[in-house]
Structures are given as structure tokens and as C-alpha cells.
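**Q** Dropping a structure here in C-alpha cells format, bear with me for questions.
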Amino acid sequence: MSTMAVPDIAVAPVDEGFWTRGRKVGLTLLGLGLLAAVLFGALATDQQARFTLSDDAAGAALEINGTIGAILFGVITIAAGAALLAGVPKRWFLAVLGVGLVGFVLSFLCWQVSAAPTGQNFMPLVNIIRGTFILALPLIFGALAGVLCERSGVVNVAIEGQLLMGAFSGALFGSISGSVWVGLVAAALGGALISLLLAVFAIRYLVDQVVMGIVLNLLAVGVTGFLYERLMQTDAAKYNSAPRFSNWEIPLLKDIPVLGPALFRGNIFLYLGLLLVLVIHIGLFRTRWGLRTRSVGEHPTAADTLGVKVLRVRYRNVLLAGVVAGIGGASYTLALYSFTKNMIGGKGFIALAALIFGRWNPTGALLAALFFGFADQLATYLGAISSSIPSQFLAMLPYLATILAVAGLVGRVRAPAADGKPYIKG
């Protein structure tokens, strides 16, 4: 059995001088810390900011004086920024950055929770964690679909359309059959249909992959919108009333404080999403399939020379990506909502951002999706406690977090070398 190594791509070192990426991020973090300590500390009140270990105001809670907490966590952010500005070893960069960002968020929350109306000055951590995962689910599935495609050298801008077609197919066929499992299979096939079109036009006919992805998104919006008006709006009971997956409780794990009720009393999509992250990560970095996939995404000519069927690998992985994204779309209509026109609402593009933020790595994509899901959940929570922040800004929060994460925190990242480049067999 022959072995094959993915070739390293030589990149000329860039002399950044004193203002390296780490120091620039440190300076930004230092500014955020000063903002938190001064502004959030001044706006916070002396009420206790309560972070309850349940999904309501009852039970045990972590408490801190609002003003003290806002200033304290702001100082922690300042310290993290100063450490990055002074220069920390590269292996500590992400850890120090994470501490600084968490400190900034906690300072902000101490202000908001302590300033909430009496009786609302608490944050239910179980509810926040559960909501974060629920809102992140389509992003997790979408980002994994992007990983499968782009690690194979095919740009997947059609995640939005794959999610939308999966949501529509799951709702339609789940309603007609009265079975959630039929709906789930239909959702997977609906996402695969969009992926098939992407694969044929991008791989066989060498159409620009970004343009093709946008066209497929518009196609999915048009087709599902038309069928929604003709079928679902005219007879919702027959065509848009799919059964829902019930929550599955995992014995013992469900009793773990905070994380148990939030994660181990969920539906199939939560468990399947986390399982797929693990399976795809192991598959990409520990199996022959993963080695071939990465070699096709980095240097398809070398892979072809060693006997790898480049086009076959790309077709297979793009179709698998559609299946994954289609299931992600079903997490809307087979667990939460009835289908509505364009219900994905840009989540496919945020999943694409999570893919980039996660550096084309399944685990990184999961963490990025959770970051964006938390921003979305935070906006909902702040609206519920009558935050003084304008509701329009709260609605922008997930998208603003996306922009800041991709533009400011990722820095220079390298996509797979052959990503977006058609392969023509010599």
C-alpha cells in the first residue's frame, strides 16, 4: 500500500517589524479593556449581577456587585491586552486573547445585568448555553459542509441554498408523510441536490465557483418561495405541519450542573452536529480518505500522479457537504419552526464566515459557530431584560460579531492552496 504526503506550500516570511499581528490585537484589546473598566464601570449599578446555574431566577447563582464586576473584568481585559502588546509566546496567543475577550464580555454583562429592572437582574446560564447551541446548529452544519467542500478544492458559497432547500424539503415531505425520519432523509437529499448542481457546473463545466454558489442560492430562494406560496400557504395543514423531533435525555450526563440540562436534554440535531464535528475531524486528519481529500485540496496534480481520482474525490465530498447542510436546514423545520420564505436569513453566509474563522478545521468551525450563536442569543437576552441598547443594534450584533471576527481576529489565514481552482486532467 502506497503512502502519500500532502506537500507543504512554501510561504516567504513577512517582516512585520514591531507591530506584529499579536501586538496590534493587544493594542485593540487594551482599548477594549479601558472602555470596559471606565464606561461599563460607570454605567453599572451597585445591584448584584446574578448568573444563575439554572434556566430561571431560582437556584444557586454566581453573584457579583455590578460596578465592581464591570471594573474587575475590564482590568482583566487590560492585562490580557498588555501581555499581547508586550509580546507573548506564539503558543499562548489564543489563550491570552480568549481571556481578554471573555473578560470584556463579562464586564459588559455585569453592566447590563446589574442595570436591568428589579426582578430581571439575572442571567440564566442554562438557558443562555442551550440557546447558544440551538442558534449555532445551522452554522455548525453549514460550516462542516464548507469544510468538506473547500478541503477538496471547491469553494462552497451555496451553503445558504443548501440549508434553505434542506429546511423546505424536510418540512414538505415530513408533512406529507407524517414522519420526521422521512423529512430528515428528504432534507438531506434536498441539500444534496443543490450540491449536485454545484459539483456538475463547477467541476465538470468549470464555471466560476463563487458565481455558481450565488446563482444556486438565488435558485433555492426562488424555488422554495414559489412552492411555499403555491402549496404551503394554500394548505398549511397538509404541506407545512411536519412532526417535530422530541428531546432526548441522556442518563447521568443530563444531571451535570449547568451543562447537563443545556446539552444533554436536546434533540437529535444537537447530538448529530457534535458527533459530525468529531467524525469529520478524525476523518480528515486520521484516515486515508482525509489524506486524499487534503491532498486534492492542496495539490491535485501531485495527488493525481499518485493515483488519487481527483474529480471523484471532489464530486463525492461536495455531495456529502450537501447532505450535511441539508440536515442542518432540517434543524429549523423538524425541531423548531414551520417553514417560511427565505427563513435561513443569511445564516449560510455566517457559516461561511465560521469556516474561515475556524481556519478550515472542523473543531475551529464549531467554536466559531458557537461564538456567533452566543452573539445571537445575547441579543435575544438583552432585548428580554429591556436593555438600554437600541433594539436595532441588538439585531445587528450577530452580524457585527461576524465582521469583527473575520476582519480583526483571524488575521492572515491560508485557504487550501487549490481552493476554487478547477482541475483539468492533463
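For the sequence shown, the working numbering begins at -9 and goes up steadily by one.
Ideal Cβ placement from N, Cα and C applies to all residues, glycine included.
When the Cα atoms are used, what is the spatial distance from V172 to L43?
**A** 38 Å
**Q** With distance defined between alpha-carbon atoms, name the residue in V197, L162, D245, Q199 nearest to L221.
**A** L162
**Q** With respect to the alpha helix (DSSP H) encompassing F339, which residues constitute its N-terminal and C-terminal limits?
**A** 337 to 347
**Q** At least one CB of chain C closer than 7 Å to the CB of V175: is that the case?
**A** Considering every chain present, this structure includes no chain C. It has just one protein chain.
**Q** Alpha carbon to alpha carbon, how far is F30 from T122?
**A** 24 Å
**Q** Just the C-alpha distance for T291 and V269, rounded to the nearest angstrom, thanks.
**A** 27 Å
**Q** Leaving aside the five residues before and after L368 along the sequence, list all residues of the same chain whose C-beta is less than 7 Å from its C-beta, in chain order.
**A** Only L387 meet the Cβ criterion.
**Q** Verify whether the separation of the beta carbon atoms of A408 and G256 is less than 7 Å.
**A** Cβ distance not < 7 Å, so A408 and G256 don't count as in contact.
**Q** Would you mind reading off the limits of the alpha helix (DSSP H) that contains A48?
**A** Premise fails: A48 is in no alpha helix (DSSP H) and is neither H nor E.
**Q** For I414, which residues of its own chain have a beta-carbon under 7 Å away from its beta-carbon, when the five flanking residues on both sides are left out?
**A** In its chain, beyond the 5 residues on either side, no residue has a beta carbon closer than 7 Å to the beta carbon of I414.
**Q** By the DSSP assignment, the beta strand (DSSP E) with A39 in it spans what residues?
**A** 38 to 42
**Q** CA-CA distance, G23 and A69?
**A** Cα to Cα, G23 sits roughly 8 Å from A69.
**Q** Hey, R13 and G77 are a contact pair by Cβ (cut 8 Å); roughly how many whole angstroms apart?
**A** 7 Å
**Q** In this structure, does DSSP put F112 in helix, strand or coil?
**A** strand
**Q** Could you give the distance in angstroms between the alpha-carbon of L265 and the alpha-carbon of L243?
**A** 16 Å
**Q** Kindly list the residues whose CB is nearer than 8 Å to the CB of A391, restricted to its own chain and excluding five residues on each side of it in sequence; keep chain order.
**A** F361, F362, A365
**Q** Quick one, which of S169, T214, K337 has its alpha-carbon nearest S236's?
**A** S169
**Q** What does the alpha-carbon distance come out to for the pair R81 and L74?
**A** 12 Å
**Q** Buried or exposed: which applies to I340, given that a residue is buried once 16 or more other Cβ atoms fall within 10 Å of its Cβ?
**A** buried
**Q** Please classify G212 as buried or exposed, where buried requires at least 16 neighbouring CB atoms within 10 angstroms.
**A** exposed
**Q** Taking Cβ to Cβ, would you say F329 is nearer than 7 Å to N230?
**A** yes
**Q** Which same chain residues, not among the five before or five after G180, have their C-beta less than 7 Å away from its C-beta?
**A** M155, G156, F158, S159, G316
**Q** Keeping to the same chain, check which residues put their C-beta closer than 7 Å to that of I379; ignore five residues upstream and five downstream.
**A** L372
**Q** Drop a sphere of 10 angstroms on the beta-carbon of K228, count the other beta-carbons inside from all chains shown, and report buried for 16 or more, exposed for fewer.
**A** exposed
**Q** Should the region 298 to 316 be regarded as contacting the region 129 to 142, the criterion being three or more beta carbon pairs within less than 8 Å?
**A** At 8 Å Cβ cutoff, the stretches touch.
**Q** Going by DSSP in three states, S231 sits in which element: helix, strand or coil?
**A** Coil, per DSSP.
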